[in-house]
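Inspection log for the structure reproduced underneath, given as structure tokens.
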Amino acid sequence: MANIFSISDIHGCYEAMIDTLSLIDLESDENSKLLFLGDYINRGKDSCRVLYHIKNLEEKYPNQVVVLIGNHEQMFLDWYCSEDEFIWLSQDQQLLTTKSFFETEHWEYFFRELQHLERFTPRMSNFIKGEMKKEHTGLFKWLLSKSKEFFYETEMQIYVHAGVCEADSELWKHATEPHEFTWKYPAETGSFYKDIIAGHVSTVDVTNDNSYLGKVFWDGQSHFFIDGETIESNIVPLLKFDTCTGVYSSYNKLTNDSWVEYKIAKRSV
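This is the structure in structure tokens:
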């Protein structure tokens, strides 16, 4: 039996990610896949640790793990590659993401040096990038290799961070602008010729229903949204698709920290 597992919007929440990944066993079924749909960094305190774990999983299971890019990785890489100097740093609240790439003692020394600068400047930005490159060259090379990994397609599904252009089912690959794969908003619902599985948005916002916090929402037609509010819920939702039965399912976390699987939808296979 082959399953396709997908998660999204980890946002630096390492422990929540590990908790969810405990539900997945890639060893026992070499045909199963695990898809990461973007936004691994920013907001939480362990962005660097999250990236290394995903990188290591992909290296261990190269034929089973797929890593897509999200808008937060894009912003980070735009800064890292000097396409902008300040957008990333100015929105990295308390520099939590930046801090995650440094050991505590190194960061404390580094932060003292930064305090000599009164505001974000090209010098400050270049100093941060230079220090990061010294420690994480391999990691950033790997992340850069994902910069054009916008979607994963099967016979029945399109997995993507934010969405695709749905104006023409036959031309969506050509009609979708690069930024739309990672930035599409607001969420689009309704019928499409394939199921679209995405993260990026709050399922509470899509449904106007607070009970969907930390959960997967299906619009009853062709769209599955994996909740992006991990910081608020402390849950990384998991969507599972059984390729033999056509069943989509997810998991509820109970008060005793156990998980219960529940069915969302069934497709003909």
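For the sequence shown, full-length UniProt numbering begins at 1 and goes up steadily by one. By construction, the Cβ of each residue, glycine as well, lies at the ideal position given by its N, Cα and C atoms. The model shown is predicted, which means the values in this text are computed figures rather than measured ones.
query	result
Please determine if the stretch 54–71 and the stretch 151–171 are in contact, where contact requires at least 3 C-beta pairs separated by less than 8 Å.	yes
Measuring from the CB of Ile24, is there a heavy atom of the ligand FAD at a distance below 7 Å?	Among the components modelled here there is no ligand, and therefore nothing to report on the ligand FAD.
Three or more C-beta pairs under 8 Å: does that hold for the stretch 208–216 against the stretch 160–179?	no
Between which two residues does the beta strand (DSSP E) containing Asp242 stretch?	Leu239 to Asp242
Which term fits Asn42, buried or exposed, when burial requires 16 or more other beta carbons within 10 angstroms of its beta carbon?	buried
Between the Cα of Glu149 and those of Pro178, Glu155, Thr189 and Ser169, spot the shortest distance and give me the residue it belongs to.	Pro178
Leu34: which of Trp259, Glu15, Gln94 and Ser8 sits nearest, CA to CA?	Ser8
Taking the runs of the alpha helix (DSSP H) that are 4 residues or longer, which of them lie wholly in the UniProt domain "Calcineurin-like phosphoesterase" (4–89)?	14–21, 47–60 and 71–80
Nearest-angstrom Cα distance between Gly12 and Tyr251?	21 Å
Just checking my contact of Tyr52 with Leu26 at CB under 8 Å: how many whole Å lie between their CB atoms?	Wrong, their Cβ atoms sit about 18 Å apart, outside the cutoff.
Taking the beta carbon of Ala16 as the centre, do at least 16 other beta carbons fall within 10 Å, making it buried, or is it exposed?	buried
Do Phe224 and Leu239 have their beta-carbon atoms positioned less than 8 Å apart in this structure?	yes
With distances taken from CA atoms, which of Asn126, Met132 and Asn63 is nearest Thr97?	Met132
Verify whether the separation of the beta carbon atoms of Phe140 and Tyr80 is less than 8 Å.	yes
On the CB-based measure, 16 or more other CB atoms within 10 Å of its CB, does Gln94 come out buried or exposed?	exposed
So, under 8 Å CB-CB, Ile231 and Lys253 are touching, yes? Tell me the CB distance rounded to an integer number of Å.	That pair is no contact at about 16 Å.
With distances taken from CA atoms, which of Glu108, Gln64 and Gln91 is nearest Ser32?	Gln64
Quick one: what does DSSP say Ala175 is sitting in, helix, strand or coil?	helix
Among residues of its own chain, excluding the 5 on either side of Asp209, which ones have a beta-carbon nearer than 7 Å to its beta-carbon?	none
Which residue comes first and which comes last in the alpha helix (DSSP H) that contains Asn126?	Pro122 to Leu144
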